[in-house]
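S.K.: Can you read through this structure? Questions will come right after.
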Amino acid sequence: MTNKQKFTEGFKFGKTQATYSNTKSAGPKVPQGSQAARGSYSSSLGPSFAGNEPSSESPLLVLLGLGRYFKNYKVRLGIVLGLLFTEIIVYSAIPFSFKFLIDEALIGKNETVLYITGALLIGGTILITAAGTFRDYLYNWVSARAIRDMREELFIHLQRVNLDFYANTRLGDVLSRFSTDLTALENAVLALIPWGISPLLEAIFGTALLFALDWKLGAIATLIWPITFLGPVFFSTRSTAASYERKIEEAKVLTAVEESISAQNLIRVYDLDGAFWDKFKGNCEKLFHVSLRLGLTNSYLERSASGGILLLQAVLLISGAWFAFHGMVSVGALAAFLPPFLNLSYSLLYVSQYFPTMNQASGSARRILEILRTPTFESEGGERPFAPSELQNSIKLEDLHFRYKGRTKNLSGVNLEIQKGTYTVILGQSGSGKSTILKFILGMMEPNQGKVTLDGIAMEKIRLDALHSMIGIVFQDTFLFHTSILENIRMGRPDATPEEAIEAAKLAEIHEFISALPDGYETIAGDKGSKLSGGEKQRIALARALVRNPQILLLDEATSALDPITEARILKTLQKLREGRTIVSVTHRLTGLHAADQVVVLKNGSLEPYPSPENDSLSAAAIGL
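As structure tokens, this is what we get:
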């Protein structure tokens with residue numbers, strides 16, 4: 015199976031499979047029905063996705079909530095920490111070497127101590143360098159894997175969220191979480207050891223070392239801890255809030271760019287470039303102010319720590335010199351004390367400079383967790399134990415009631431039985447709820463009241479992959495991928511041969527058109543099929559559905575963009591394909607009704623019998639078409 019086939023295998027009408035090229039590596043393998051697949055994230059970190067308000071939760075706690083992505087790499091992380099402790103212990107012993115060099119070797123004129131100390135210094139340097147290099151490699155490997163797992167789980171989750179999520183969420187907002195938010199998290203994770211954990215441990219060991227060298231100077235040196243963390247404690251919440259707001263404004267800018275690119279035809283014809291420029295400029299202005307506030311907050315955070323550290327360095331140097339002048343400490347002890355104190359100062363300074371990175375990552379982590387906590391369809395449907403391989407008897411819609419959020423009721427008491435092997439047509443005006451009924455049959459939505467059953471089994475108990483393996487569909491809004499026409503047809507069944515794809519194209523009355531193109535079936539369809547007309551896209555979508563050889567064929571206004579002659583040919587093809595196949599077509603057009611086994615009209619939220627197939631004009635008037 016090619017990589018493209020592996021990729022497309024997971025896109026069968028909502029079916030998502032986590033297929034990975036390296037099966038030995040640990041990744042977010044999320045089988046259907048698992049906790050991650052159902053999105054049952056009970057963590058209270060961050061706000062609800064709709065609220066867009068930053069939480070007061072500690073930035074550190076938010077980041078710790080992502081620690082589960084490192085669980086698969088505990089052994090390597092253990093080695094990383096072991097190497098880190100080795101570095102710190104050896105590095106912390108270096109000041110004692112200075113003390114021995116000065117007090118014992120130089121002042122005491124002991125040449126043996128000089129050679130031994132020198133050898134230990136050289137050996138320690140080699141050990142620190144080797145351990146640090148291997149540690150860097152291991153940690154970068156673990157970090158990259160953890161971010162990869164997070165990115166893949168986020169992608170998988172987005173394939174399973176309820177469809178109203180996409181109806182209520184801007185594309186730019188979702189994309190920004192994959193780009194800027196994941197990048198911010200990656201930067202924070204990569205910097206965690208060199209700028210966070212390592213200097214913090216060095217500071218702890220350094221403080222103990224200072225007390226061992228001289229308790230009086232060590233006591234003064236401990237003042238550096240509260241001085242270092244006063245600023246971060248005070249400014250971190252503000253920094254995280256500003257970072258969160260900045261991510262929101264970045265998403266708005268990205269959305270504005272995406273909309274302006276997607277709507278170029280409309281913008282140019284209606285002379286909307288000025289209006290879109292004003293909107294974009296306004297978004298950029300808001301982003302500027304939020305970015306300025308974030309930058310200033312982070313600057314205050316860093317300066318408050320560095321200023322206090324520099325002041326304490328001056329105090330300690332003066333105090334040490336005074337102690338040495340009065341014979342309270344030896345010159346060797348003072349010389350040995352100053353390097354670890356300066357190292358302690360710079361270690362804590364590094365930690366304070368990591369806080370802005372951590373705060374920005376915390377804001378990004380909240381935004382990612384918001385999506386991961388968004389309910390998936392599986393989470394609301396519970397367990398799905400049934401996996402039928404074929405339709406035995408019928409599909410039933412019983413007393414369905416449904417209303418989209420913020421709208422009046424769309425469906426009210428819909429009842430319909432679709433027998434196996436029959437051709438059913440559902441007529442209705444645009445916006446009457448015809449497509450919603452198909453989504454119920456697809457298991458992509460659930461009614462507010464009533465139920466949908468397949469052979470007596472409630473739809474919410476049927477595994478979606480099993481259900482969708484029986485179905486082929488042509489959606490009202492035709493979507494084609496930016497790949498060849500052949501591959502677009504084979505998206506319906508990735509293991510289909512080119513010959514099978516061509517046969518499906520012939521059935522969809524599109525083969526002659528494709529063959530006449532300079533590149534034939536290798537012609538690139540363009541972004542969302544932009545290089546093709548509406549009718550051409552519809553016929554390719556029909557071929558994509560037919561190549562699946564589905565038991566159940568759903569047609570959502572599948573011929574609305576076709577001319578009468580082509581439509582008549584396709585309707586004739588559907589008649590040939592009827593045997594052993596269940597077809598459900600929703601449309602507002604009256605052509606081809608005579609071939610249907612049952613025709614119903616969706617009017618005022620409920621289904622009614624079709625008035626008079628013999629007199630289409632009277633029938634159209636009766637149903638409001």
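Residue numbering for the sequence shown follows this note's numbering, starting at 15 and increasing by one per position.
From the three backbone atoms N, C-alpha and C, an ideal C-beta is built for every residue, glycine too.
Computed from a predicted structure; not experimentally measured.
For the beta strand (DSSP E) holding N462, just list the boundary residues, first then last.
M.R.: Per DSSP, N462 belongs to no beta strand (DSSP E) and is neither H nor E.
S.K.: Under a three-way DSSP split, which group does I476 fall into?
M.R.: I476: strand per DSSP, three-state reduction.
S.K.: So, I234 versus V329, is the Cβ gap smaller than 8 Å?
M.R.: Contact: yes.
S.K.: Once DSSP output is grouped into helix, strand and coil, what is the label at Y437?
M.R.: Correct three-state label for Y437: strand.
S.K.: What is the DSSP secondary structure of A51, reduced to helix, strand or coil?
M.R.: Low per-residue confidence applies at A51: pLDDT is 34, beneath 50, and the placement is therefore not dependable enough to give any value.
S.K.: Using the rule of at least 16 other Cβ atoms within 10 Å of the residue's Cβ for burial, across every protein chain shown, is K266 buried or exposed?
M.R.: Buried, since its Cβ has 16 or more Cβ neighbours within 10 Å.
S.K.: Does the distance from the C-beta atom of G486 to that of T596 stay below 8 Å?
M.R.: Their beta carbons are not under 8 Å apart, which means G486 does not touch T596 by this criterion.
S.K.: Assuming E536 is part of the beta strand (DSSP E), what are its boundary residues?
M.R.: First-last for E536: undefined, no H or E at that position.
S.K.: Please name the residue in S378, E316, G321 and P246 whose C-alpha comes closest to that of V188.
M.R.: Ranking S378, E316, G321 and P246 by Cα distance to V188 puts S378 first.
S.K.: Measuring alpha carbon to alpha carbon, tell me which of L280, A472, T183 and A335 ends up nearest T269.
M.R.: T269 has its Cα closest to that of T183, out of L280, A472, T183 and A335.
S.K.: What is the DSSP secondary structure of P508, reduced to helix, strand or coil?
M.R.: Correct three-state label for P508: coil.
S.K.: Find out if the Cβ-Cβ distance for the pair V561, A510 is shorter than 8 Å.
M.R.: In this structure, A510 lies closer than 8 Å to V561 by Cβ.
S.K.: Can you find the residues in the same chain that come closer than 8 Å, C-beta to C-beta, to L352, ignoring five residues on each side of it along the sequence?
M.R.: Excluding positions up to five away in sequence, the list reads L331 and G334.
S.K.: Rounded C-beta distance between L585 and A559? I'm assuming under 8 Å.
M.R.: With 8 Å as the limit, L585 and A559 do not qualify as a contact, their Cβ atoms being about 15 Å apart.
S.K.: Per DSSP, what kind of secondary structure is T388 in: helix, strand or coil?
M.R.: Note: T388 maps to coil in three-state DSSP.
S.K.: Can you list, in chain order, the residues of its chain with a C-beta nearer than 8 Å to that of L621? Leave out the 5 residues immediately preceding and following it.
M.R.: Around L621: V428, N429, L430, I440, V614 and V615.
S.K.: Taking the alpha-carbon positions, what's the P648 to E384 distance?
M.R.: Examination of residue 648 is not possible in this model, given that the chain is present from 15 through 639 alone.
S.K.: Taking the straight line between their C-alpha atoms, what separation do you get for I451 and S547?
M.R.: If you take the alpha carbons of I451 and S547, they lie about 27 Å apart.
S.K.: Can you check which of these residues, L231, D413, A338 and A539, is closest to K465 by C-alpha distance?
M.R.: The candidate whose alpha carbon is nearest that of K465 is D413.
S.K.: Would I108 and L135 qualify as a contact pair, given that the criterion is a beta-carbon distance under 8 Å?
M.R.: Yes. Within cutoff.
S.K.: Taking the C-alpha atoms as reference points, what is the distance between G24 and R381?
M.R.: With a pLDDT of 35 at G24, under the threshold of 50, the modelled position of this residue cannot be trusted; read the value that follows with caution. Straight-line Cα distance between these residues: approximately 25 Å.
S.K.: Alpha carbon to alpha carbon, what distance is there between T194 and T251?
M.R.: Their Cα atoms are separated by approximately 20 Å.
S.K.: Within the same chain, show all residues whose beta-carbon is closer than 8 Å to that of R317, passing over the 5 residues directly before and after it, in chain order.
M.R.: Result list for R317: G245, in chain order.
S.K.: I'd like the ranges of any beta strand (DSSP E) spanning at least 3 consecutive residues and lying wholly in the stretch 555 to 638.
M.R.: Entirely contained in the stretch 555 to 638, the beta strand (DSSP E) runs reaching 3 residues are, in chain order, 566 to 570, 596 to 601, 612 to 617 and 620 to 623.
S.K.: So the beta strand (DSSP E) I486 belongs to, where does it begin and stop?
M.R.: Just to set this straight, residue 486 is Gly in the shown sequence, not Ile. First-last of the beta strand (DSSP E) with G486: I485 to V488.
S.K.: Mapping DSSP to helix, strand and coil, what is F192?
M.R.: Here F192 sits in helix by DSSP.
S.K.: Let me confirm a value: V89 is counted as buried when at least 16 other C-beta atoms fall within 10 Å, else exposed. Which label applies?
M.R.: Per the 10 Å Cβ criterion, exposed.
S.K.: Is it true that the stretch 500 to 517 meets the stretch 561 to 574, where meeting means three or more beta-carbon pairs spaced less than 8 Å apart?
M.R.: Contact holds: three or more Cβ-Cβ distances are below 8 Å.
S.K.: Go ahead and pull the three-state DSSP assignment for N429.
M.R.: Of the three classes helix, strand and coil, the one that applies to N429 here is strand, per DSSP.
S.K.: What residues match up with T467 in a beta bridge as DSSP calls it?
M.R.: Answer is K410 and A472, bridged to T467.
S.K.: Between the stretch 354 to 364 and the stretch 268 to 288, do three or more beta carbon pairs fall short of 8 Å?
M.R.: Touching, no.
S.K.: Starting from Q327, trace the alpha helix (DSSP H) both ways and give me its first and last residue.
M.R.: Where Q327 is concerned, the enclosing alpha helix (DSSP H) stretches over D287 to F339.
S.K.: Mind checking E263: buried by the 16 CB within 10 Å criterion, or exposed?
M.R.: E263 should be labelled buried.
S.K.: Given 8 Å as the limit, is there contact between the stretch 194 to 207 and the stretch 148 to 162, that is, 3 or more CB pairs closer than that?
M.R.: Segments in contact, yes.
S.K.: Just confirm the distance between the C-beta atoms of L237 and L326, as a whole number of angstroms; I'd bet it's less than 8 Å.
M.R.: With 8 Å as the limit, L237 and L326 qualify as a contact, their Cβ atoms being about 6 Å apart.
S.K.: When the Cα atoms are used, what is the spatial distance from T371 to G442?
M.R.: Each residue's alpha carbon lies about 55 Å from the other.
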